[in-house]
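Sequence order for the protein chains is A and B. The C-terminal position of the first sequence is numbered 942 in the numbering used here, with every residue numbered one higher than the one before it. The C-terminal position of the second sequence is numbered 128 in the numbering used here, with every residue numbered one higher than the one before it. Notes follow the structure.
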Amino acid sequence: EVQLVESGGGLIMPGGSLRLSCAASGFTFTNAWMAWVRQGPGKGLEWVGRIKSKTHGGTTDYAAPVKGRIVISRDDSRNAVYLQINDLKVEDTALYYCATEGYSFGYHALDIWGQGAMVTVAS
Amino acid sequence: QSALTQPASVSGSPGQSITISCTGTSGDIGTYNYVSWYQHHPGKAPKLILYAVSNRPSGVSNRFSGSKSGNTASLTISGLQADDEADYYCSSYTISSTVVFGGGAKLTVL
Numbered sequence: 820e821v822q823l824v825e826s827g828g829g830l831i832m833p834g835g836s837l838r839l840s841c842a843a844s845g846f847t848f849t850n851a852w853m854a855w856v857r858q859g860p861g862k863g864l865e866w867v868g869r870i871k872s873k874t875h876g877g878t879t880d881y882a883a884p885v886k887g888r889i890v891i892s893r894d895d896s897r898n899a900v901y902l903q904i905n906d907l908k909v910e911d912t913a914l915y916y917c918a919t920e921g922y923s924f925g926y927h928a929l930d931i932w933g934q935g936a937m938v939t940v941a942s
Numbered sequence: 019q020s021a022l023t024q025p026a027s028v029s030g031s032p033g034q035s036i037t038i039s040c041t042g043t044s045g046d047i048g049t050y051n052y053v054s055w056y057q058h059h060p061g062k063a064p065k066l067i068l069y070a071v072s073n074r075p076s077g078v079s080n081r082f083s084g085s086k087s088g089n090t091a092s093l094t095i096s097g098l099q100a101d102d103e104a105d106y107y108c109s110s111y112t113i114s115s116t117v118v119f120g121g122g123a124k125l126t127v128l
């Protein structure tokens with residue numbers, strides 16, 4: 820079964836850091852570009868960033884609003900992708916999804932999604 | 019990169035057709051045919067329903083169709099059903115090598 824499972828969410832104080840994990844199964848993870856998407860309370864979906872497959876250089880791209888505060892990494896030996904968020908702000912409160920980008924169909928379509936991990940930033 | 023512009027809400031009766039627009043710029047929709055659409059029921063993971071403007075993944079109903087003209091993409095749902103009630107998001111690849119979403123459109127089936 821194709822599956823993405825996020826973990827590591829929780830309640831964090833402003834200024835803190837958090838690392839989310841996403842475990843993949845059921846597909847060839849090493850070939851997948853992996854993205855993170857978030858949805859704040861009452862808000863729409865927001866693409867946060869991606870990491871390409873090692874075949875494509877394993878490089879990262881980040882959305883402008885979070886660039887400089889987040890790091891996306893991957894461990895192909897564990898079929899896992901990670902999202903590190905530093906200097907957390909209240910506006911980072913959101914449900915964070917990991918997803919494959921372009922894996923099944925190309926065209927940067929986000930085709931496999933996890934169920935999300937909730938991050939709450941509050942004092 | 020600003021979010022793509024979608025109407026906040028659309029509605030229609032069962033059996034009718036509705037269209038949701040998604041307006042971007044020459045930096046995203048206007049340059050690439052990399053427009054996707056997602057259906058999002060609250061509490062569930064978003065589901066890809068169209069990619070590359072008008073292509074449906076296997077298993078997605080042919081009641082969902084897409085098109086693009088200039089900087090604007092559109093999603094049409096024909097033969098509305100109660101289960102179509104959900105939030106719909108468009109997305110596009112951008113010249114900055116990022117992906118940008120629309121603000122989302124809430125579809126209400128009357």
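All C-beta atoms in this analysis are idealised placements derived from N, C-alpha and C, irrespective of residue type, glycine included.
I'd like to know whether the C-beta atoms of Val-127 of chain B and Asp-105 of chain B end up nearer to each other than 8 Å.
The residue given as residue 127 of chain B occupies position 109 in the second sequence. The residue given as residue 105 of chain B occupies position 87 in the second sequence. Contact annotation: Val-127 of chain B and Asp-105 of chain B have beta-carbon atoms that are not nearer than 8 Å.
My understanding is that Ser-109 of chain B touches Ser-54 of chain B, with C-beta atoms under 8 Å, so please give their C-beta distance in whole angstroms.
As a working note, residue 109 of chain B is residue 91 in the second sequence. As a working note, residue 54 of chain B is residue 36 in the second sequence. Between Ser-54 of chain B and Ser-109 of chain B the Cβ distance is about 5 Å, and since that is below 8 Å, they are a contact.
Starting from the beta carbon of Leu-929 of chain A, find every residue of chain B whose beta carbon is closer than 8 Å, and list them in chain order.
Within the first sequence, numbered from 1, the residue matching residue 929 of chain A stands at position 110. Chain order gives the chain B residues near Leu-929 of chain A as Ser-54, Tyr-56, Pro-64, Leu-66, Ser-109 and Val-117, where near means a beta carbon separation below 8 Å.
How long is the line joining the alpha carbons of Thr-49 of chain B and Ser-942 of chain A, rounded to whole angstroms?
As a position in the second sequence, residue 49 of chain B is number 31, starting the count at 1. As a position in the first sequence, residue 942 of chain A is number 123, starting the count at 1. Distance between the alpha carbons of Thr-49 of chain B and Ser-942 of chain A is about 43 Å.
Cβ neighbour criterion (16 or more within 10 Å) applied to Thr-847 of chain A:
Position 28 of the first sequence, counting from 1, holds the residue named residue 847 of chain A. Per the 10 Å Cβ criterion, exposed.
Compile a chain-ordered list of the residues in the region 877-890 of chain A whose CB is closer than 7 Å to at least one CB of chain B.
Cβ contacts with chain B come from Asp-880, Ala-882 and Ala-883.
Note down, in chain order, all residues in the region 69-102 of chain B with a beta-carbon under 8 Å from any beta-carbon belonging to chain A.
For the region 69-102 of chain B, which is checked against every Cβ of chain A, the residues closer than 8 Å are Tyr-69, Ala-70, Asn-73 and Pro-75.
Where Thr-878 of chain A falls: helix, strand or coil (DSSP):
Indexing the first sequence from 1 puts residue 878 of chain A at position 59. In the three-state DSSP reduction, Thr-878 of chain A falls in the coil class, being neither helix nor strand.
Any idea if Asp-46 of chain B is buried or exposed, counting beta-carbon neighbours within 10 angstroms, 16 or more meaning buried?
For this step, residue 46 of chain B is matched to residue 28 along the second sequence. Classification for Asp-46 of chain B: buried.
Applying the 10 Å Cβ sphere with the 16-neighbour rule, what's the burial state of Gln-57 of chain B?
Indexing the second sequence from 1 puts residue 57 of chain B at position 39. With 16 or more Cβ atoms within 10 Å of its Cβ, Gln-57 of chain B is classed as buried.
For Glu-910 of chain A, which three-state DSSP category applies?
As a first step, residue 910 of chain A must be located in the first sequence, where it is residue number 91. Glu-910 of chain A: helix per DSSP, three-state reduction.
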